[in-house]
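Numbering-wise (the working numbering), the sequence shown opens with residue 24 and increments by one.
Virtual Cβ for every residue (Gly too), placed ideally from N, Cα, C.
First up is the structure itself, then whatever we jot down about it.
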Amino acid sequence: MKKGVSHFFKEVGIEMRRVIWPTKAETLRLTSAVLFVCVLFVLYLYIAGEIVHLIIRLMEQGKV
24 MKKGVSHFFK EVGIEMRRVI WPTKAETLRL TSAVLFVCVL FVLYLYIAGE
74 IVHLIIRLME QGKV
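This is the structure in structure tokens:
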């Protein structure tokens with residue numbers, strides 16, 4: 024078992040050296056894109072929720 028665990032971590036180290044890691048600029052660009060999409064999604068959900076809330080309020084008042 025011990026040899027298996029040490030072999031596993033040796034293989035992990037080999038694979039980690041093969042990985043092409045993104046540059047700092049790429050990381051910042053992609054992170055910015057993800058955050059921008061998240062903000063857009065939150066705004067969409069907020070607006071959709073407000074519209075549903077308005078419709079329900081109008082239905083309760085008997086205007087729809």
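Rounded C-alpha distance that separates residue i from residue j
i, j, result
"Q84", "V75", "14 angstroms"
"L59", "R52", "Note that residue 59 is Phe in the sequence shown here, rather than Leu. About 11 angstroms."
"L66", "E73", "11 angstroms"
"F31", "I43", "21 angstroms"
"K71", "T54", "Just to set this straight, residue 71 is Ala in the shown sequence, not Lys. Cα to Cα, the separation comes out at about 26 angstroms."
Residue i in three-state terms, based on DSSP
i, result
"M85", "Residue identity differs from the one stated: residue 85 is Gly in this sequence, not Met. Three-state DSSP puts G85 in coil, outside helix and strand."
"T46", "coil"
Proximal residues to residue i (C-beta, below 8 angstroms), its chain only, five neighbours per side dropped
i, result
"R80", "none"
Closer than 8 angstroms to chain B by CB, residue i
i, result
"L68", "The question asks about chain B, but that chain is absent: this structure has only one protein chain."
Contacting residues, own chain, Cβ-Cβ under 7 angstroms from residue i (five flanking each side not counted)
i, result
"A48", "none"
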